[in-house]
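Numbering (the numbering used here), first residue to last: 35 to 305.
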Ligand SMILES: Cc1cc2nc3c(=O)[nH]c(=O)nc-3n(C[C@H](O)[C@H](O)[C@H](O)COP(=O)(O)O)c2cc1C
């Protein structure tokens, strides 16, 4: 079992890497990633997500490459995120895959969530989907190049990949107008949620702390991958709660306070 501290450290150093060194992914390292994924419990009961490793050696008879439209360079190994369609399946999948990618970071691998800039057909040719399953996203798996390519740097600049919205504009107390104090029991977990990756760096997570309850909302219409983003944020939040010894459970409440421009998703009920 991986020490939770390693995953928390990974939250602090992780960033999307699009330029890879061409160093081959060792078999035992790939195996340890797959073992970690297999050991994870599904974050939301009733949902099912899994990963498959996809390798491309460039010698396929059809000559087709694992396409990322030139976004990823120097990497032949990818993890594919697959989930079974059901309620909250995409939130669960985002949460699950982020835990796997944080594990990858913790053992020195570089990763990058790809929801849009990959050629689905070339990946679908190399994985086996069961009925009801969908391929949601992929991530390259390898070692970061010494220097990012120009395209990589431009992409980071394009989405302001290093920037995050101010904490006080994401997370609130009371009626969503008060700030979350530095000493609030959930401060660290929310700070780590803020560090999460999101599609086009859209950061759709909003939360209101009400005593031991934290209500999570997403902003309306952020991106097609918003539910994956929400799951990723919840992974960072709940891992940090576990690390801090904060017990609780996720649940969906009825009649929650509504806020303009936000849609309620779920609540953390601490105990
Ligand atoms: C669900 C999801 C989908 C993403 N899809 C893409 C993508 O298609 N192409 C890409 O280059 N980056 C993609 N990203 C990476 C984001 O652009 C990146 O996480 C964000 O800019 C923040 O940068 P950071 O991960 O370095 O903190 C995606 C991220 C997430 C969470």
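Ideal Cβ positions, reconstructed from N, Cα and C, are used throughout, including at glycine.
Item                                                                                                                        : Value
Contact the region 73-81 vs the region 197-206: 3+ CB pairs below 8 Å                                                       : no
First and last residue of the uninterrupted beta strand (DSSP E) at residue 89                                              : 83-89
Proximity test, residue 156 beta-carbon vs ligand 1 heavy atom, cut-off 8 Å                                                 : no
Residues of its chain near residue 63, where Cβ-Cβ distance is below 8 Å and the 5 sequence neighbours each way are ignored : 141, 143
C-beta neighbour in chain B for residue 215, strict 9 Å                                                                     : The question asks about chain B, but that chain is absent: this structure has only one protein chain.
Residues near residue 271 in its chain [Cβ-Cβ closer than 6 Å; skip 5 each side]                                            : 223, 227
Where residue 137 falls: helix, strand or coil (DSSP)                                                                       : helix
Length-filtered (4 minimum) alpha helix (DSSP H) runs lying within the region 218-280                                       : 221-228, 260-277
Euclidean distance between Cα positions of residue 261 and residue 125                                                      : 5 Å
Local conformation of residue 130 per DSSP, three classes                                                                   : helix
Supposed close pair residue 264, residue 292 - CB separation, criterion 8 Å                                                 : The pair is not a contact, with the Cβ atoms about 17 Å apart (cut-off 8 Å).
Residue 177 versus residue 283 - alpha carbon distance                                                                      : 36 Å
Exposure of residue 220, with buried meaning 16 or more beta-carbon neighbours within 10 Å                                  : buried
Burial state of residue 128 (16 or more Cβ within 10 Å)                                                                     : buried
Within 9 Å, strictly: CB atoms of residue 116 and residue 72                                                                : no
Residues near residue 96 by beta carbon distance below 7 Å, same chain, minus five either side                              : Confidence at residue 96 is low in this model, with a pLDDT of 48, below 50, so its placement is unreliable and the value that follows should be read with caution. Result list for residue 96: empty, nothing under 7 Å.
CA nearest to the CA of residue 288, picked from 297, 208, 281                                                              : 297
Contact belief for residue 101 with residue 70 at Cβ below 8 Å, rounded distance in angstroms                               : Not confirmed; about 27 Å, so no contact.
Own chain residues within Cβ distance below 8 Å of residue 208, not counting five before or after                           : 242, 244
Cα-Cα separation, residue 47 to residue 158                                                                                 : 31 Å
Straight-line gap, residue 269 to residue 184 (C-alpha atoms, nearest Å)                                                    : 31 Å
Residue 169 - partner residues in DSSP beta bridges                                                                         : 116
Length of the line joining the Cα atoms of residue 210 and residue 111                                                      : 44 Å
Three-state secondary structure assigned by DSSP to residue 56                                                              : coil
C-beta contact flag for residue 306 and residue 86 at 9 Å                                                                   : The structure shown does not extend to residue 306, since the chain is modelled only from 35 through 305, so no value can be given for it.
Element boundaries [alpha helix (DSSP H), containing residue 156]                                                           : 154-158
Distance cut-off 8 Å: residue 266 Cβ against heavy atoms of ligand 1                                                        : yes
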